[in-house]
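Line by line, the protein sequences give chains F and A.
Residue 1 is where the first sequence starts when you use this note's numbering, and the numbers rise one by one after that.
Residue 1 is where the second sequence starts when you use this note's numbering, and the numbers rise one by one after that.
Every residue, glycine too, gets a C-beta built ideally from N, C-alpha and C.
All values derive from a computational prediction rather than experimental measurement.
These notes are about the structure you will find just below.
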Amino acid sequence: GAVVSQHPSWVICKSGTSVKIECRSLDFQATTMFWYRQFPKQSLMLMATSNEGSKATYEQGVEKDKFLINHASLTLSTLTVTSAHPEDSSFYICSATPGTGTDTQYFGPGTRLTVL
Amino acid sequence: ILNVEQSPQSLHVQEGDSTNFTCSFPSSNFYALHWYRWETAKSPEALFVMTLNGDEKKKGRISATLNTKEGYSYLYIKGSQPEDSATYLCAFIQGGSEKLVFGKGTKLTVNP
């Protein structure tokens, strides 16, 4: 149980284009979903927290107009990287929990984004 | 800025060896500590959620202890197997927050 899928697993795009990443909880309803980013040799860094039906809460330094998050249902959250630039190249990973963020978070396998 | 440190950064052991590594976190305003196991190309897998000082948790050959007063947690693996090879992450939650603050992880390689 508690499986989270993420799609795509990797994507290469041209600078200036937008990329959408999907995160789905497959066997539970996710009250809260989280989006993280990991640069090489760094730790997972929280980008934003989203609750179904409400606006996402972004961490300091994360541009909400650049990283659009939609948590449309209790099983799906999407992250859209708009007008991607090479510095946005990173590993993006989502997590979901049926409870609050202090409970166990169940992670997807991540998406490797490369912007040329 | 909250700082979560894990040591060592990487570790190579032989099959059958027991091993342990450390997670250090702020000792003030503690709420919880999570341990995850992350195999390459897979999703991080939750191992333990620890909340009380002195907590000891066990899952098969893996166990963890928690000292909130001094701000550290140890993860132990008894009789390491090649399938234990993974990166082990710890994540700290501060009181009043729901955010996981991760360390950089300890990469364990178990040689057959």
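DSSP beta-bridge partners of residue i
{"i": "Y74 (chain A)", "result": "A:T22, A:T65"}
{"i": "E5 (chain A)", "result": "A:S24"}
{"i": "E22 (chain F)", "result": "F:H7, F:T78"}
{"i": "T109 (chain A)", "result": "A:H12"}
Classification of residue i by the beta-carbon crowding that lies within 10 angstroms, buried from 16 upward
{"i": "W38 (chain A)", "result": "buried"}
{"i": "G89 (chain A)", "result": "Here residue 89 (chain A) turns out to be Leu, not Gly, going by the sequence shown. Buried, by the Cβ-count rule."}
{"i": "R4 (chain F)", "result": "Reading the sequence as shown, one finds Val at residue 4 (chain F) and not Arg. Answer is buried; the Cβ neighbour count reaches 16."}
{"i": "R24 (chain F)", "result": "buried"}
{"i": "I12 (chain F)", "result": "exposed"}
Test: residue i CB closer than 8 angstroms to a CB of chain F
{"i": "K99 (chain A)", "result": "yes"}
{"i": "Y31 (chain A)", "result": "yes"}
{"i": "S63 (chain A)", "result": "no"}
{"i": "I93 (chain A)", "result": "yes"}
{"i": "K107 (chain A)", "result": "no"}
{"i": "P26 (chain A)", "result": "no"}
{"i": "G103 (chain A)", "result": "yes"}
Any C-beta of chain A under 8 angstroms from that of residue i
{"i": "T4 (chain F)", "result": "What sits at residue 4 (chain F) in the sequence shown is Val, not Thr. It does; some Cβ of chain A falls within 8 angstroms."}
{"i": "P109 (chain F)", "result": "yes"}
{"i": "T75 (chain F)", "result": "no"}
{"i": "L44 (chain F)", "result": "yes"}
{"i": "Q29 (chain F)", "result": "no"}
{"i": "Y106 (chain F)", "result": "yes"}
{"i": "T114 (chain F)", "result": "no"}
{"i": "T78 (chain F)", "result": "no"}
{"i": "T100 (chain F)", "result": "yes"}
Contacting residues, own chain, Cβ-Cβ under 7 angstroms from residue i (five flanking each side not counted)
{"i": "Q81 (chain A)", "result": "E15, V110"}
{"i": "Y85 (chain A)", "result": "At residue 85 (chain A) the sequence reads Ser, which differs from the Tyr that was named. These residues qualify, in order along the chain: L108, T109, V110."}
{"i": "G71 (chain A)", "result": "S24, F25, P26, S27"}
Chain-order list of residues whose beta-carbon lies under 6 angstroms from that of residue i (same chain, five-residue window excluded)
{"i": "T87 (chain A)", "result": "W38, G105, K107"}
{"i": "K20 (chain F)", "result": "T78, T80"}
Proximity test, Cβ basis, 8 angstroms: residue i and chain D
{"i": "F21 (chain A)", "result": "No chain D is part of this structure, whose protein chains are labelled F and A."}
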